[in-house]
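Notes follow the structure.
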Amino acid sequence: MAVITYRDALNQALREEMQRDPKVFLMGEEVGTYQGAYKVSRGLLDEFGPTRIVDTPITELGFAGVGVGAAMVGLRPVIEMMTMNFALLALDQIINSAAKMRYMSNGQIGVPIVVRGPGGAALQLGAQHSQALEAHYAHIPGLKVVMPATPADAKGLLKSAIRDDNPVIFIEGEMLYNTKGEVPDGEHIVPLGVALVKQEGTDVTLISHSKSVAVAMKAAEQLKAENISAEVIDLRTIRPLDVATILASVAKTHRCVVVEEGWPFAGVGAQVVHTIQEQIFDELDAPVLRVTGVDVPMPYNKVLERAAKADPAKVVAAVKKVMYLE
Amino acid sequence: MAVITYRDALNQALREEMQRDPKVFLMGEEVGTYQGAYKVSRGLLDEFGPTRIVDTPITELGFAGVGVGAAMVGLRPVIEMMTMNFALLALDQIINSAAKMRYMSNGQIGVPIVVRGPGGAALQLGAQHSQALEAHYAHIPGLKVVMPATPADAKGLLKSAIRDDNPVIFIEGEMLYNTKGEVPDGEHIVPLGVALVKQEGTDVTLISHSKSVAVAMKAAEQLKAENISAEVIDLRTIRPLDVATILASVAKTHRCVVVEEGWPFAGVGAQVVHTIQEQIFDELDAPVLRVTGVDVPMPYNKVLERAAKADPAKVVAAVKKVMYLE
Amino acid sequence: MASTTKPQRTSLDAATADQYRHYLRQMLQIRRFEEKAGEAYSLGKIGGFCHLYIGQEAVAVGSMASLRKDDYITCSYREHGQALARGITSRAIMAELFGKAAGCSGGKGGSMHLFDASLGFLGGHGIVGGHIPLTTGMAFAAKYNGTDQVGVCYFGEAAVNQGAFHEALNMAALWKLPAIYICENNRYGMGTALERASAIYDISERACSYDMANEVVDGQEVLAVKAAMDRAVKRAREEKHPTLLEVRTYRFMGHSMSDPIHGHYRTKEEVEEHRKRDPIALWSRTLIEDGVMTEETVKALDADVMTEIEDAYKFAEEAPDPDPSELFANVYAPEVTHNG
Amino acid sequence: MASTTKPQRTSLDAATADQYRHYLRQMLQIRRFEEKAGEAYSLGKIGGFCHLYIGQEAVAVGSMASLRKDDYITCSYREHGQALARGITSRAIMAELFGKAAGCSGGKGGSMHLFDASLGFLGGHGIVGGHIPLTTGMAFAAKYNGTDQVGVCYFGEAAVNQGAFHEALNMAALWKLPAIYICENNRYGMGTALERASAIYDISERACSYDMANEVVDGQEVLAVKAAMDRAVKRAREEKHPTLLEVRTYRFMGHSMSDPIHGHYRTKEEVEEHRKRDPIALWSRTLIEDGVMTEETVKALDADVMTEIEDAYKFAEEAPDPDPSELFANVYAPEVTHNG
Ligand SMILES: Cc1ncc(C[n+]2csc(CCOP(=O)(O)OP(=O)(O)O)c2C)c(N)n1
Ligand SMILES: Cc1ncc(C[n+]2csc(CCOP(=O)(O)OP(=O)(O)O)c2C)c(N)n1
Ligand SMILES: [Mg+2]
Ligand SMILES: [Mg+2]
């Protein structure tokens with residue numbers, strides 16, 4: 021098992037799936053000649069040629085639609101959005117075409133497409149380039165939403181996403197691309213819809229996904245120093261949500277804090293909270309709190325930006341609150 | 021005080037605001053010559069002429085952007101989306117331009133725009149024409165989201181929305197246009213951000229908005245027959261949410277059911293639930309339940325469509341559940 | 014301007030004559046189907062939006078005649094005519110309009126979302142312009158797979174102002190995709206006349222932005238449509254070049270069933286004027302003049318079509334609704350276990 | 014092809030000579046500013062994305078020279094040059110790049126989002142093509158208000174493939190709006206050469222789809238840009254007609270600070286070749302040849318500019334961060350009570 025970056029894990033998944041299935045192709049801005057804006061597709065043009073590694077004009081709505089159309093007739097497109105911020109332009113094709121085709125056609129036409137790219141903030145990219153919009157996709161029946169936090173999951177989940185017969189929105193993290201971890205060589209599949217208990221604990225459950233998993237883990241470490249035992253869950257797939265894993269944990273710890281990068285209003289965390297209180301209300305010893313991105317457009321200034329993001333200190337504070345320690 | 025339709029109430033608001041402020045104009049598909057796809061703008065072309073009642077090509081992204089640009093330099097556009105389903109095409113301009121301009125420009129440039137049109141399902145319009153996507157907008161800092169349920173609120177809230185200096189997403193209901201109610205003549209302003217207690221009650225709080233208010237009211241009536249006293253709240257504004265009114269009611273009834281047309285996953289209701297359990301956890305005698313649109317694309321068939329929608333029976337069942345009556 | 018010269022029909026062999034009669038039957042089938050659908054709508058048997066194709070029949074019939082069984086087709090919401098011309102049965106379409114399980118989309122699609130994957134009929138689509146990139150993707154797939162299939166997209170003249178049109182046509186031309194974009198220019202997008210929505214009058218000229226082959230076609234003459242489509246299909250199938258066809262036609266009815274035939278946006282006179290070039294009348298006359306048919310055989314054909322449509326209506330009416338469990342079916346693909 | 018004939022400069026009166034020297038100063042100011050910004054970026058003093066304008070200076074300077082103080086301007090994220098040419102101070106821009114409170118967007122916008130409402134400089138915008146409809150709306154407002162203001166939009170050649178371009182230009186032409194669309198064709202959108210993204214080579218021809226006036230301009234010659242812009246401004250201000258200007262230029266640096274000058278997508282030789290037509294060198298030479306300046310005065314001017322930029326750098330470095338409370342400021346307008 022090699023230690024590789026999240027970026028290279030994605031690259032491996034793409035390469036292996038393209039080798040396995042000639043119907044898989046990659047399309048997007050700068051995926052070919054430029055080797056990917058974030059180099060996720062490095063080397064793929066050389067290996068698979070321009071028919072299968074397709075550079076597009078800057079036309080997110082258009083090439084998302086091209087992908088959906090190709091998927092409708094049996095190809096398995098992987099559509100790269102340079103960042104998910106730009107996918108706002110393509111939302112009509114994703115929501116009105118991809119998510120509804122199977123239903124409207126009574127099951128005649130499926131759309132086995134993956135739309136992938138980095139979501140959320142990197143560093144100082146400003147308001148238009150720093151959005152974590154997974155809640156938009158997770159809101160829509162017909163879509164699956166996947167957000168790996170580690171290199172191993174990046175590979176295993178992307179392979180599953182590509183093999184899935186549904187439209188899958190696969191959101192990566194620009195700040196995750198360089199992170200390293202052990203990744204099984206070759207066939208390594210992580211099923212969609214299964215959360216991971218990253219760390220067991222007894223006092224409180226921290227639920228997170230994507231970049232926020234690292235925030236939760238750091239918070240757990242700090243809590244440990246204060247003798248608070250946190251269980252950390254990485255959702256991995258946002259839709260379908262692994263409700264069983266969430267409930268099992270909270271039923272054990274009786275307290276929960278949800279950590280996410282996105283905005284609070286009707287965010288993914290709101291759904292998690294609703295599900296917990298709906299299903300195991302009597303197990304809760306305290307309200308479920310959330311630590312989210314601050315409810316403002318992202319500022320450019322470094323200090324303000326830092327303050328706008330979820331961080332371990334905020335998580336620790338929330339945990340103390342649900343434990344009535346202050 | 022005249023009894024008029026929701027449609028005519030909107031028409032009055034537009035007319036009065038256009039008479040009051042020469043910077044207000046209406047732009048969209050079929051708003052002029054055709055008198056509005058749903059006749060909301062009937063007569064306005066005659067009164068204000070084509071400079072202020074502007075028919076557009078079918079280019080939702082483009083004319084939304086034109087509206088934002090005009091608002092940036094001081095006009096007060098009202099942009100009609102023929103239905104909010106099509107606004108998915110314009111989401112980039114709404115989210116990346118309108119919602120962020122004031123912040124990115126450090127307060128130099130505001131965007132006093134109203135984007136309005138019918139949202140949600142009418143009857144048998146099928147999957148692409150029946151979506152209640154308010155959660156998408158409510159997720160975004162920088163936007164306000166307003167959804168009137170009655171003719172009086174349609175008028176009073178639209179006038180407030182037009183006078184508001186922020187981008188306001190104003191979502192009407194195709195099934196509401198023909199509903200009638202008393203509407204004050206002339207200056208009738210309903211402030212944004214203030215919910216309405218439609219009916220007082222003691223046993224349970226029903227929280228709803230737009231078309232779902234009628235569903236909640238009908239459920240309340242049925243519950244009354246069973247000696248259950250329901251308090252019904254019409255949110256009216258989704259963002260900013262009137263948290264105080266919600267909490268005051270639930271702190272009194274100790275039980276709550278949220279009713280909405282949209283899909284459940286990370287919907288508006290999820291945010292309402294989160295807020296309640298976060299703020300007044302100890303007041304709750306039962307989990308907060310939601311009655312939402314069923315989590316599927318909207319089917320065309322009449323019977324299936326009916327089953328996909330929130331209805332009073334589902335609300336009554338949920339109320340009985342939170343009252344542990346079954 | 015649109016070329017209205019009729020192609021020579023000198024050597025009218027038996028097969029061609031059959032073909033020509035078939036075109037008439039198809040146009041009559043569409044006309045009678047739409048009339049019946051309109052009637053059913055007024056009786057409340059069909060719900061939602063319902064956009065009739067009356068007046069435009071020659072476009073669907075003439076263009077579909079050039080296609081092969083394995084080509085890919087997408088349409089807007091005004092697609093009953095194309096669906097029939099492609100070969101979906103009037104029963105399956107009428108049943109769909111009635112929302113019945115036997116409908117071509119199982120009653121879940123409705124008038125705007127007709128599908129028959131077995132015929133490559135890949136949807137009516139409700140978002141103006143939204144299916145233009147989809148077809149482009151299908152043409153991309155044909156090229157990718159190395160087949161000589163063609164992707165064909167039908168849309169209205171109002172759709173060309175959408176960004177999706179621009180983005181898709183640029184890619185189709187850039188990548189030399191076997192796509193045919195059929196703009197049915199019926200002069201209006203709802204209540205908006207072409208010239209109030211487009212900065213240029215000749216939609217075909219939009220092709221210049223992409224250096225794309227293009228043609229203006231008289232959409233009331235079925236053979237003119239067929240001839241132009243033959244050229245476009247050859248260009249796509251053999252030369253791998255896309256085409257934009259601007260087919261000039263006219264919508265004889267309102268935009269949808271809830272729209273009057275002539276409203277604020279066009280006069281009764283204008284509609285009457287255009288009705289003089291009814292594609293069915295024009296083609297019947299030609300066939301009679303050329304001795305391929307007679308007044309009587311035309312009438313008999315029409316009666317035959319009427320019988321079919323009455324049967325479709327009855328079928329649709331009596332067919333059962335989808336099972337309630339259908340509400341939850343086909344949101345996602347059935348779970349399958351992938352183990353490599 | 015681009016007309017490279019230099020307009021006659023026979024009657025060079027004092028005012029004109031001043032003007033010409035000013036152009037040089039502005040171009041030098043941009044060049045030195047960008048060089049300094051690049052340096053600061055490498056030192057980690059500037060964060061995020063930073064797109065330099067080096068090589069394109071004549072476009073901003075030549076075109077801004079035709080505008081009036083009350084005109085409206087929007088740009089893409091590559092807008093330091095336009096911001097300087099419009100008159101935002103190098104201090105305010107550098108401070109913005111440093112994220113400081115004294116920045117023209119209070120440190121909250123950054124390199125891609127420069128604003129100065131008092132100068133009608135209405136943003137750097139980060140979504141490719143997104144500001145094209147915005148400018149169209151500003152031109153709409155000018156017409157609506159009955160003023161003779163003009164809306165000017167700067168964007169790259171890759172943006173013309175976006176749907177937003179198509180939708181906006183159609184409306185501008187249809188409604189005869191006083192808008193000027195300046196396409197800075199620097200041959201690449203990131204790593205994608207024009208001809209790999211656009212089905213046609215001459216971007217200006219895209220205007221035909223909208224029957225819009227258009228021109229190809231040599232973007233390395235400041236006077237050529239100025240002359241074409243004068244024509245476009247007259248057309249907009251007086252005749253209320255929009256124009257698409259395709260200004261051919263070249264980006265001497267990488268796409269952004271994280272992109273090498275020549276990568277997989279272009280050769281060192283190509284870049285060197287283009288560098289031979291450095292707009293500042295060309296214009297200095299002209300001024301010297303024409304006797305408006307000398308080698309020495311050019312050098313002195315440059316030194317003066319350098320001093321300004323060093324000052325801006327120091328200013329930016331020493332300026333304070335925004336107050337932490339700024340995180341929550343200006344999400345919404347301050348509450349005001351409307352009572353009619
Ligand atoms: C994106 C979008 N905007 C608006 C509508 C509403 N609408 C449906 S059809 C139509 C007119 C389309 O006209 P055209 O493209 O000419 O086709 P025709 O109806 O004439 O066949 C409009 C505005 C829609 N369905 N989708
Ligand atoms: C909608 C969108 N897609 C992609 C990007 C990423 N991106 C930023 S600049 C750029 C290239 C733009 O090239 P061009 O328009 O020619 O302008 P230039 O950078 O050459 O000035 C791309 C792809 C973006 N910012 N917005
Ligand atoms: Mg039309
Ligand atoms: Mg460029």
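Protein chains in written order, with our numbering: chain A, 21 to 346; chain B, 21 to 346; chain C, 14 to 353; chain D, 14 to 353. From the three backbone atoms N, C-alpha and C, an ideal C-beta is built for every residue, glycine too.
Open item on the list: If I measure Cβ to Cβ from lysine 218 of chain A and keep anything under 6 Å in the same chain, skipping five residues before and after, which residues do I get?
Closed with: Translated into positions along the first sequence, residue 218 of chain A becomes position 198. Same-chain partners within the cutoff: Val252, Asp254.
TODO: Determine which residues of the stretch 95 to 116 of chain A have a Cβ less than 9 Å from any Cβ of chain C, and write them out in chain order.
DONE: Leu95, Pro97, Leu109, Asp112, Gln113, Asn116
Task: Any non-hydrogen atom of ligand 2 within 7 Å of histidine 179 of chain D CB - done: For the purposes of this step, residue 179 of chain D is taken as the residue at position 166 of the fourth sequence. Outside the cutoff, so no.
- [ ] Alpha carbon to alpha carbon, how far is alanine 141 of chain A from proline 337 of chain D? Give it in angstroms, no decimals.
- [x] By 1-based counting over the fourth sequence, the position of residue 337 of chain D is 324. By 1-based counting over the first sequence, the position of residue 141 of chain A is 121. Roughly 19 Å between the two C-alpha positions.
TODO: Spell out a yes or no on whether the stretch 144 to 156 of chain C and the stretch 79 to 88 of chain A are touching, meaning 3 or more CB-CB pairs, one atom from each, closer than 8 Å.
DONE: yes
Task: Own chain residues within Cβ distance below 6 Å of alanine 220 of chain C, not counting five before or after - done: Locating residue 220 of chain C in the third sequence gives position 207, counting from the first residue. Once the five neighbours on either side are set aside, the close Cβ partners of alanine 220 of chain C are Asn227, Leu257.
Open item on the list: My output table needs one value for arginine 40 of chain A: the three-state DSSP class, helix, strand or coil.
Closed with: In the first sequence, the residue the question calls residue 40 of chain A occupies position 20. Note: arginine 40 of chain A maps to helix in three-state DSSP.
Open item on the list: Could you check whether glycine 176 of chain D and glycine 176 of chain C sit closer than 8 Å to each other, using their CB atoms as the reference points?
Closed with: Counted from its first residue, the third sequence places residue 176 of chain C at position 163. Counted from its first residue, the fourth sequence places residue 176 of chain D at position 163. A contact, by the Cβ cut-off of 8 Å.
TODO: Using a Cβ cut-off of 8 Å, pull out every chain C residue sitting near tyrosine 223 of chain D, in sequence order please.
DONE: On the fourth sequence, residue 223 of chain D is found 210 positions in, with the first residue counted as 1. Ordered by position in chain C, the residues that pass the 8 Å Cβ test against tyrosine 223 of chain D are Ala212, Ile213.
- [ ] State yes or no: is the beta carbon of proline 161 of chain A nearer than 8 Å to at least one beta carbon in chain C?
- [x] Looking up residue 161 of chain A in the first sequence gives position 141. Interface residue, yes.
Open item on the list: Closer than 7 Å between the C-beta and any heavy atom of ligand 2: which residues qualify, listed along the chain?
Closed with: A:Glu49, A:Glu50, A:Ile78, A:Glu80, A:Met102, A:Phe106, A:Leu109, D:His64, D:Ser89, D:Tyr90, D:Arg91, D:Gly139, D:Ile140, D:Val141, D:Gly142, D:Gly143, D:Phe168, D:Gly169, D:Glu170, D:Ala171, D:Ala172, D:Gln175, D:Glu197, D:Asn199, D:Tyr201, D:Gly202, D:Met203, D:Arg264, D:His268
Open item on the list: Would you say leucine 340 of chain C lies against chain D (beta-carbon separation less than 8 Å)?
Closed with: Here residue 340 of chain C corresponds to residue number 327 of the third sequence, with the count starting at 1. No, because no Cβ of chain D sits closer than 8 Å to the Cβ of leucine 340 of chain C.
Open item on the list: Can you check which of these residues, A:Thr71, A:Thr25, A:Gly213, is closest to tyrosine 58 of chain A by C-alpha distance?
Closed with: As a first step, residue 58 of chain A must be located in the first sequence, where it is residue number 38. Looking at the Cα atoms, A:Thr25 is the closest of the given residues.
Task: Local conformation of valine 356 of chain C per DSSP, three classes - done: This structure cannot speak to residue 356 of chain C, because chain C is shown only from 14 to 353.
Task: Backbone CA spacing between leucine 236 of chain C and arginine 261 of chain C [nearest angstrom] - done: The count along the third sequence starts at 1 and reaches residue 236 of chain C at position 223. The count along the third sequence starts at 1 and reaches residue 261 of chain C at position 248. The alpha-carbon atoms of leucine 236 of chain C and arginine 261 of chain C are separated by roughly 14 Å.
Task: Local Cβ density within 10 Å of valine 7 of chain C, reported as buried at 16 or more and exposed below that - done: Outside the shown range of chain C (14 to 353) lies residue 7 of chain C, about which nothing can therefore be said.
TODO: Please go through the stretch 33 to 86 of chain D and give each complete beta strand (DSSP E) segment of 3 or more residues, from N-terminal end onward.
DONE: none
- [ ] Specify the secondary structure class of lysine 329 of chain B as computed by DSSP and reduced to three states.
- [x] Residue 329 of chain B sits at position 309 when you count from the first residue of the second sequence. Coil.
Task: Pair within 8 Å by beta-carbon distance, leucine 95 of chain B and valine 74 of chain B - done: Translated into positions along the second sequence, residue 95 of chain B becomes position 75. Translated into positions along the second sequence, residue 74 of chain B becomes position 54. No; because the gap between Cβ atoms is not below 8 Å, this pair is not in contact.
TODO: Name, please, each residue of chain A whose Cβ falls closer than 7 Å to the Cβ of alanine 152 of chain B.
DONE: Position 132 of the second sequence holds residue 152 of chain B. Result: empty, since nearest Cβ-Cβ is about 10 Å, beyond 7 Å.
Open item on the list: Which same chain residues end up closer than 6 Å to threonine 103 of chain B when comparing Cβ atoms and leaving out the 5 residues on each side of it in sequence?
Closed with: If you number the second sequence from 1, residue 103 of chain B lands on position 83. Only Gly137, Pro138 meet the Cβ criterion.
TODO: Return yes when the Cβ of alanine 107 of chain B is within less than 8 Å of the Cβ of proline 187 of chain B, no when it is not.
DONE: Here residue 187 of chain B is taken as the residue at index 167 of the second sequence, counted from 1. Here residue 107 of chain B is taken as the residue at index 87 of the second sequence, counted from 1. Against a cut-off of 8 Å, the Cβ pair of alanine 107 of chain B and proline 187 of chain B comes out as no contact.
Task: Residues of its chain near tyrosine 320 of chain A, where Cβ-Cβ distance is below 6 Å and the 5 sequence neighbours each way are ignored - done: For the purposes of this step, residue 320 of chain A is identified with residue 300 of the first sequence, where counting begins at 1. Excluding positions up to five away in sequence, the list reads Gln144, Gly146.
Task: Contact between the stretch 123 to 143 of chain D and the stretch 338 to 345 of chain A (3+ Cβ pairs under 8 Å) - done: no
TODO: Tell me whether the beta-carbon of leucine 111 of chain B lies closer than 8 Å to the beta-carbon of leucine 30 of chain A.
DONE: Locating residue 111 of chain B in the second sequence gives position 91, where the first residue counts as 1. Locating residue 30 of chain A in the first sequence gives position 10, where the first residue counts as 1. With contacts defined by Cβ atoms closer than 8 Å, leucine 111 of chain B and leucine 30 of chain A do not form a contacting pair.
Open item on the list: Looking at chain D, is there any beta carbon in it that lies within less than 8 Å of the beta carbon of lysine 231 of chain A?
Closed with: As a position in the first sequence, residue 231 of chain A is number 211, starting the count at 1. Chain D, which has no Cβ nearer than 8 Å to the Cβ of lysine 231 of chain A, makes this no.
- [ ] Classify threonine 148 of chain C as helix, strand or coil using the three-state DSSP reduction.
- [x] Residue 148 of chain C sits at position 135 when you count from the first residue of the third sequence. Of the three classes helix, strand and coil, the one that applies to threonine 148 of chain C here is helix, per DSSP.
Task: serine 228 of chain A: first and last residue of the uninterrupted alpha helix (DSSP H) it sits in - done: Translated into the one-based positions of the first sequence, residue 228 of chain A becomes position 208. Serine 228 of chain A -> not in any alpha helix (DSSP H); beta strand (DSSP E) instead, spanning 224 to 228.
Open item on the list: Using only CA atoms, which one of B:Ile160, B:Ala169, B:His208, B:Lys200 lies nearest to isoleucine 182 of chain B?
Closed with: As a working mapping, residue 182 of chain B is identified with position 162 in the second sequence. Closest option to isoleucine 182 of chain B, Cα to Cα, is B:His208.
Task: Where alanine 15 of chain D falls, given that 16 or more other Cβ within 10 Å makes a residue buried - done: Numbered from 1 along the fourth sequence, position 2 holds the residue referred to as residue 15 of chain D. Note that alanine 15 of chain D has pLDDT 48, beneath the 50 cutoff, so the model's placement of it is unreliable and the number below is only indicative. Classification for alanine 15 of chain D: buried.
TODO: Using a cut-off of 8 Å between C-beta atoms, extract the partners of arginine 219 of chain D located in chain C.
DONE: In the fourth sequence, residue 219 of chain D corresponds to position 206, counting from 1. The contacting residues are Ser222.
Task: Any C-beta of chain C under 8 Å from that of asparagine 174 of chain D - done: In the fourth sequence, counting from the first residue as 1, residue 174 of chain D sits at position 161. Taking Cβ atoms only, chain C reaches closer than 8 Å to asparagine 174 of chain D, which makes this a yes.
Task: serine 16 of chain D at chain C interface by Cβ criterion, 8 Å - done: On the fourth sequence, residue 16 of chain D is found 3 positions in, with the first residue counted as 1. Residue placement at serine 16 of chain D is poorly supported in this model, since its pLDDT is 49, which falls under 50; the coordinates still yield a value, given next. Not closer than 8 Å to any Cβ of chain C, the Cβ of serine 16 of chain D fails to qualify, so no.
TODO: Would you tell me roughly how many angstroms separate the C-alpha atoms of valine 308 of chain A and leucine 153 of chain B, rounded to the nearest one?
DONE: As a working mapping, residue 308 of chain A is identified with position 288 in the first sequence. As a working mapping, residue 153 of chain B is identified with position 133 in the second sequence. Cα-Cα distance, rounded: 26 Å.
TODO: Take aspartate 215 of chain D and list the residues in its own chain whose beta-carbon comes closer than 8 Å to its own, dropping the five residues that flank it on each side.
DONE: By one-based count along the fourth sequence, residue 215 of chain D stands at place 202. Excluding sequence neighbours, aspartate 215 of chain D sits near Val229, Glu259.
Open item on the list: Any beta carbon of chain B sitting closer than 8 Å to that of proline 337 of chain D?
Closed with: Your numbering for residue 337 of chain D matches position 324 in the fourth sequence. No, because no Cβ of chain B sits closer than 8 Å to the Cβ of proline 337 of chain D.
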